[in-house]
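J.:
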Amino acid sequence: MTEPLQNYGLDSITGTQLAVALEKSLALEVRPRWLIEYPTVEALSRKLEEMRSHA
Numbered sequence: 001m002t003e004p005l006q007n008y009g010l011d012s013i014t015g016t017q018l019a020v021a022l023e024k025s026l027a028l029e030v031r032p033r034w035l036i037e038y039p040t041v042e043a044l045s046r047k048l049e050e051m052r053s054h055a
């Protein structure tokens, strides 16, 4: 959970695909740059939870 997403093979294309999939499943706007700004599953999860609480 604390290992960088890039260690799992995340690149710009898969990052965009992941952002789109998260948007669809969570009904939230997910910006691909968040995958850089919040580079671990744990950090990204916290950001998404923050966004859900403001939605």
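With my numbering applied, the sequence shown closes on residue 55, and no number is skipped along the way. Here a beta-carbon is modelled for each residue, glycine too, at the ideal position from N, C-alpha and C.
1) Spatial neighbours of Thr2 within its chain, please: CB distance less than 7 Å, with the 5 preceding and 5 following residues excluded, ordered by chain position.
2) Taking the alpha helix (DSSP H) that Arg56 falls in, what are its first and last residues?
3) Going straight from the alpha carbon of Val20 to that of His54, what length do you get?
4) Return the CA-CA distance between Tyr8 and Arg52, expressed in angstroms with no decimal places.
5) When DSSP builds the beta bridges, which residues end up paired with Pro4?
T.: Concretely, from the data shown:
1) Correct list, in chain order: Thr40, Glu42.
2) Residue coverage of the chain in this structure runs from 1 to 55, which leaves residue 56 outside it and unanswerable.
3) Cα to Cα, the separation comes out at about 20 Å.
4) Between Tyr8 and Arg52, the C-alpha separation is close to 25 Å.
5) For Pro4, which the question treats as bridged, DSSP gives the partners Thr40.
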